[in-house]
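There are 2 protein chains.
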Amino acid sequence: MNEDANYDEFFWEILDRKESGDEAYILSKTLKTGFLVCTGMKNELILNDFSIEVEKEISSTDKSITHTYKTMVNSGDTFSIVKYGGYTQSMNHPDAELYNVSQRELNKASDLGFESLLEKQDTAWEKIWYTADIMISGDIKAQQAIRFNIFQLNQTYSGADSRLNIGPKGFTGEKYGGSTYWDTEAYCIPFYMSTKDKQVAKNLLIYRYNQLDKAIENAQKLGFNRGAALYPMVTMNGEECHNEWEITFEEIHRNGAMVYAIYNYVNYTGDVGYIASHGMEVIIAIARFWSQRATFSADKEKYVILGVTGPNEYENNVNNNWYTNYLAKWCMEYAVENIALLKENYPEDYVRIAEKVTLDESEINSWTQVADQIYLPFSEKYDVFLQQDGFLDKELIPAAELSRSERPINQKWSWDRILRSPYIKQADVLQGFYFFENLFDQESIIKHFDFYEPLTVHESSLSPCVHSILAAKIDRIEKAYEMYLRTSRLDLDDYNHEVHEGLHITSMAGTWLSIVQGFGGMRNFNNSLSFDPKIPQNWKSYSFKIIYRDHIIKVFKNHEGCKFYNESDTPVTISVSGKEVTIFNKDLVIL
Amino acid sequence: MNEDANYDEFFWEILDRKESGDEAYILSKTLKTGFLVCTGMKNELILNDFSIEVEKEISSTDKSITHTYKTMVNSGDTFSIVKYGGYTQSMNHPDAELYNVSQRELNKASDLGFESLLEKQDTAWEKIWYTADIMISGDIKAQQAIRFNIFQLNQTYSGADSRLNIGPKGFTGEKYGGSTYWDTEAYCIPFYMSTKDKQVAKNLLIYRYNQLDKAIENAQKLGFNRGAALYPMVTMNGEECHNEWEITFEEIHRNGAMVYAIYNYVNYTGDVGYIASHGMEVIIAIARFWSQRATFSADKEKYVILGVTGPNEYENNVNNNWYTNYLAKWCMEYAVENIALLKENYPEDYVRIAEKVTLDESEINSWTQVADQIYLPFSEKYDVFLQQDGFLDKELIPAAELSRSERPINQKWSWDRILRSPYIKQADVLQGFYFFENLFDQESIIKHFDFYEPLTVHESSLSPCVHSILAAKIDRIEKAYEMYLRTSRLDLDDYNHEVHEGLHITSMAGTWLSIVQGFGGMRNFNNSLSFDPKIPQNWKSYSFKIIYRDHIIKVFKNHEGCKFYNESDTPVTISVSGKEVTIFNKDLVIL
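Top line first, the protein sequences correspond to chains A and B. This note's numbering numbers the first residue of the first sequence as 1 and each following residue consecutively. This note's numbering numbers the first residue of the second sequence as 1001 and each following residue consecutively.
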């Protein structure tokens, strides 16, 4: 009923099959994107630790080649089959070479043999776990869940190739067609940024930088000009590949996430040079989009953004979605700020970019004008920003008062009923409070959390993590823990009965955020790193590591207090619960 | 680009072919609805007025049978082929009888022969034209256009069968799949009501009465209860057969048109008994829908209707579409009024119906409560009702200021741009002013016309007629004439390059309305008939006839004045330009 429109599509066709001695190869092609993949296999048969030859029977179907071996073994013998695989694809090799390279890699693997390959694998994973592991004591289900998620995230994206990105299902299912969503910028980048070399997060940013031309072309098609860019909602190669107007044309907030990811990366890594080398062009193109997309309302005497879908996809075609308007305003201000920064610190880059994108002062001034006068819907009565114009016309009945037989509403209600209800699929206003928490005081965060969280049905896997983080921030540790469990065990417990469609890879990054930013209170606003560790009642302790600007910092928290260990050879200054703390090299601070 | 989603669908399959002497038959079936149709043919070959036998060659394809005749004729001979057809379908005969009945009808026709059939046809059309014809003197293009339209309307629907209705393309094209839209109630009924026996319009009403159960089932699926009904936007057998949420779930104003058609019919024919026999059940079910669909806004302290699409389909999922809210309010009030009428004048019917639909007083009171407090968006500044909440946030640039290269916007702009623009596809607020003109004063009609017409792009064929009628009402005869030409010659001049898709049958009824209600100023509010004839500058005169409550009234208008001739045997009282006039039987009144 609420399946994606492309649910029944096939993604692959088989081009060729090849047999060569012990080896077998299938060459296939993705239908729309035209990627070629060559898959090779070769089996080694081992009897009591010695390779043996066994006659094989070969059979094949349209999509498979099967090798069948029959042999007699004696009682007490150990018989093993080692299957080697060689995978190559056309992004890395010419089409005509795919078979040869696959064969070479396959033979390289079988020459090394199983034991050596296993050892290499061990070493590689040990390195990953060394920085990525999170240990939770006193809650086996929580411990199992976070490790399962960290494992899957690393299975999905290693970060070496900026042409690759992260699909919501990773490689675990064909739903969402392996495409990239704003999930990467909003949820995944912090995980890879904190557990891997900064080049990994940078590669994810460069992925979008390389697709800027396509985003400009996309915006042009929709009537924008002067190099304005609209990044696609769903993409493989930079082109939009979703097909519903309320998403592709209207869920434009994703454009802001592209800029937020740059801001987040620069704040965390200190790599301001990235703005000069890549970021500025993206930021300018997106500021151009927002300044054109906003129109002046003579009635409100403000700039408005009409006809959008916010992060809460249970609303379509609304006017003045607060999150979108706020993000648009911020993007334009951030553009102006970074142009000033480039002029000051990277004048040559500024001249190069200004020329390339034909930027002039009047255009920059227009961004400031629109940003200054953007309309942000607000309720005096509730003292909260409103999700969109007219939100208070809805019947604001808390989701908890809905009967269980009506949940999840996306399986029980017709679409129009969902749309006119107040129910929120995933954080919308609160997504903005999460992104820009440093710009709001605690009282305001509490007010907005208390207004919106009761209306939130969390029918997106990306919803609980943001609520978990904000709940921890406002000391609702029980709520934070409830939301944490909901996000972390989604696939292990399969409580939505959908794991056959694949795992929720991008929301797994949200689970990591729930611990590190939620309970750990890690933030990286204003070019500095801060923590405010808290712990759920039923945990004894937890610990995690982060890589921060060439330091590895280990954070430990139990009910008595917290400890920070600086593994690196240079001191690092952080802030803990509002106090500045310098941790010397190889030193431990107990608070 | 903006083709319907089912544009490439096939609607038919062939079940059987049969040959029998000179005859050939094809039995086919509509794919979704499962109607069977048997088509028979038989040719008569005539040489110089005498039937002759000619050897035929038979060939056939999947979908056709071809008879080919070859014979020698001498110079000066007249050789004719008369092709007789026999059509039968499964709504009228058992499936197994279709072939036999088709053969019987075919032979009946060929036994009568061409000349007799032609004579019958002549007589039938003469009868039709006697009441339906409109004569325009001094404007050949306008004369040709209206006759073309009247002919096509009569080709489409004869009115004898309440199981049949009118598709927007009639039988001239497969677009819209032959289904029924609210066009019937909003535009077609007045034409058939005024040019044919009242039973014809009644049959169109009964079509919906017979589908009430399906409409109740449809509403139930969407979460409504207690016998609330939502008629489908597009239907063949009472089930919804459109597939876009913004239309099926949200373009709910069509429900109001069902009630308006009953009101219109009763006002025109005086057949109050129809309310008791059929109408009341429909009216109650629709009042129930509106009272449930409206929700109370604590913010506005009014009932609101959220998430709708109005007649202007260039807006989707808006809140408080004035037309929808006004119509909903009126439907509930009309329900209460007719329940009172039944209690008073048809007490047995009232008891029967109240029992059948389990009606109670508290429910009736709730309709009054919702109707009394329904929110109608209004602008103090412009002194007009607003098409919907937030309409004034748009950039209100008149459509005339758009460059020609951007028109029609539905072929040049992306959907989101259309949605956030102020441009109106077809009359929306003005559709309400057309339906309920008697409830607004002239000044208010002028204000609304001047506010909305400049924003209207008339990209629906149903748009110009309503504007033509209202323009005539407010003495903008030139505008009315411009709109009249636009609607009446749409297919003849094919100025939208789409006539290959079929003719705009339902908008042809609008063309008739443009003359009779527009220039002629005919109205039938408050159980009485009135006229206010006006004439375009370049016409010498025009005349039309209407059948009104057993009277045939002929209306003639030229630049000197107007004449009304009562062809019937009893006097009739009408109102002309505000003055009551009684025309005696067979009498002429010159004004």
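C-beta atoms are modelled at their ideal positions from N, C-alpha and C, and glycine is treated no differently. These figures come from a predicted structure and were not determined experimentally.
Query raised in the report: Nearest CA to the CA of A:Y326: which residue from A:E459, A:H253, A:P168, A:F584?
Result: Residue A:H253 is the option with its Cα nearest to A:Y326.
Query raised in the report: Along the region 387-420 of chain A, what residues have a CB closer than 8 Å to any CB found in chain B?
Result: Cβ contacts with chain B: D389, G390, L392, D393, K394, E395, L396, W413, S414, W415, D416, R417, L419, R420.
Query raised in the report: Taking all protein chains shown into account, do 16 or more other C-beta atoms lie within 10 angstroms of the C-beta of B:F1224, making it buried, or fewer, making it exposed?
Result: buried
Query raised in the report: Can you tell me whether DSSP reads A:Q442 as helix, strand or coil?
Result: helix
Query raised in the report: Considering B:A1024, what are the terminal residues of the alpha helix (DSSP H) in which it resides?
Result: If you look at B:A1024, you'll find it isn't in any alpha helix (DSSP H); it sits in the beta strand (DSSP E) that goes 1023-1030.
**Report entry** Beta-carbon proximity list for B:I1275, same chain, < 6 Å, skipping 5 on both sides
**Finding:** N1338, listed in sequence order.
Requested in this report: Can you check the region 198-266 of chain A for any alpha helix (DSSP H) of at least 4 residues that lies completely inside it and give the ranges in chain order?
Outcome: Counting only runs of at least 4 residues, the region 198-266 of chain A fully encloses the following alpha helix (DSSP H) elements, listed from N- to C-terminal order: 198-210, 212-221, 245-248.
Query - Contact list for A:K300 against chain B, beta-carbon separation under 9 Å - result: Those within 9 Å of A:K300 in chain B are L1392, D1393.
Query raised in the report: Within this structure, are the beta carbons of A:A287 and A:A335 separated by less than 8 Å?
Result: yes
Query raised in the report: Which residues in the same chain have their Cβ closer than 7 Å to the Cβ of B:K1479, if we skip the five residues on either side of it in sequence?
Result: Result list for B:K1479: A1471, in chain order.
Query - Bridge partners - A:G34, DSSP secondary structure assignment - result: Beta-bridge pairing links A:G34 to no other residue.
Requested in this report: Could you run through the region 1148-1173 of chain B and flag, in chain order, every residue whose CB is less than 8 Å away from some CB of chain A?
Outcome: none
Query raised in the report: With 8 Å set as the bound, which would you pick, yes or no: does the beta-carbon of B:F1249 sit closer than that to a beta-carbon of chain A?
Result: yes
**Report entry** 6 Å CB neighbourhood of B:A1186 in its chain, flanking five on each side removed
**Finding:** Only A1257 meet the Cβ criterion.
Query raised in the report: Just how far apart, CA to CA, sit B:G1178 and B:I1283?
Result: 26 Å
Query raised in the report: Is there at least one non-hydrogen atom of the ligand NAD closer than 7 Å to the beta-carbon of B:G1086?
Result: This structure simply doesn't include the ligand NAD, nor any ligand for that matter.
Query raised in the report: Among A:L513, A:W512, A:L492, which has the Cα closest to the Cα of A:L503?
Result: A:L492
Query raised in the report: When you compare only the Cα positions, how much space is there between B:S1137 and B:M1522?
Result: For B:S1137 and B:M1522, the distance between alpha carbons rounds to 20 Å.
Report task. Determine the chain B residues that contact A:N316 at a beta-carbon separation under 7 Å, and present them in chain order. Result -> N1317
Query raised in the report: Whose CA, out of A:L359, A:V429, A:I505, A:K63, lies closest to the CA of A:L376?
Result: A:V429
Query raised in the report: In chain order, what residues of the region 1234-1262 of chain B put their CB closer than 7 Å to some CB of chain A?
Result: Hits within the stretch, in order: W1245, F1249, E1250.
Query - Same chain only: Cβ atoms within 8 Å of A:A5, ignoring 5 sequence neighbours per side - result: Any reading at A:A5 must be qualified, since the residue scores a pLDDT of 49, below 50, and its modelled position is unreliable; no value is offered.
Query raised in the report: Hey, how far is the Cα of A:K63 from the Cα of A:I14?
Result: Looking at the backbone, the Cα of A:K63 and that of A:I14 are separated by about 7 Å.
Query raised in the report: Can you list the residues of chain B that A:S20 reaches, using a CB-CB cut of under 9 Å?
Result: Going along chain B, no residue has its Cβ under 9 Å from A:S20, so there is no contact; the nearest lies around 45 Å.
Query raised in the report: Taking just the CA atoms, how far does A:M508 sit from A:F556?
Result: Each residue's alpha carbon lies about 21 Å from the other.
Query raised in the report: Which residues in chain B sit within 9 Å of A:T582, going by Cβ to Cβ distance?
Result: By Cβ distance, chain B contributes nothing, its closest Cβ being about 51 Å from A:T582, past 9 Å.
Requested in this report: Kindly indicate the opening and closing residues of the alpha helix (DSSP H) around B:Q1143.
Outcome: Here the alpha helix (DSSP H) through B:Q1143 covers 1140-1156.
Query raised in the report: For A:I547, which of A:G270, A:S463, A:V351 has the nearest alpha-carbon?
Result: Comparing C-alpha distances from A:I547 to each of A:G270, A:S463, A:V351 shows the shortest one belongs to A:G270.
**Report entry** Members of the region 1279-1303 of chain B near chain A, C-beta cut-off 8 Å
**Finding:** Going along the region 1279-1303 of chain B in chain order, one finds T1295, F1296, S1297, A1298, D1299, K1300 with a Cβ nearer than 8 Å to chain A.
Query raised in the report: Going by alpha carbons, who is nearest to B:Y1231 out of B:T1180, B:N1527, B:V1589?
Result: When each option's Cα is compared against that of B:Y1231, the closest is B:T1180.
Query raised in the report: Between the beta-carbon of B:Y1565 and the beta-carbon of B:K1554, is there less than 8 Å?
Result: yes
Requested in this report: In the DSSP assignment, find the unbroken beta strand (DSSP E) run with B:M1135 in it and report its ends.
Outcome: 1134-1137
**Report entry** Beta-carbon separation (whole angstroms), A:K214 vs A:E251, contact threshold 8 Å
**Finding:** That belief does not hold up - the Cβ atoms of A:K214 and A:E251 are roughly 17 Å apart, past 8 Å.
Report task. With 8 Å as the C-beta to C-beta threshold (strictly closer), list the residues of the region 205-238 of chain A near chain B in chain order. Result -> K221, L222, G223
Query raised in the report: Smallest Cα separation from B:N1074: which of B:E1097, B:N1048, B:E1055?
Result: B:N1048
Report task. Kindly provide the ranges of any alpha helix (DSSP H) runs that are 4 or more residues long and lie completely inside the region 1501-1561 of chain B, ordered along the chain. Result -> Here the runs fully enclosed are 1505-1513.
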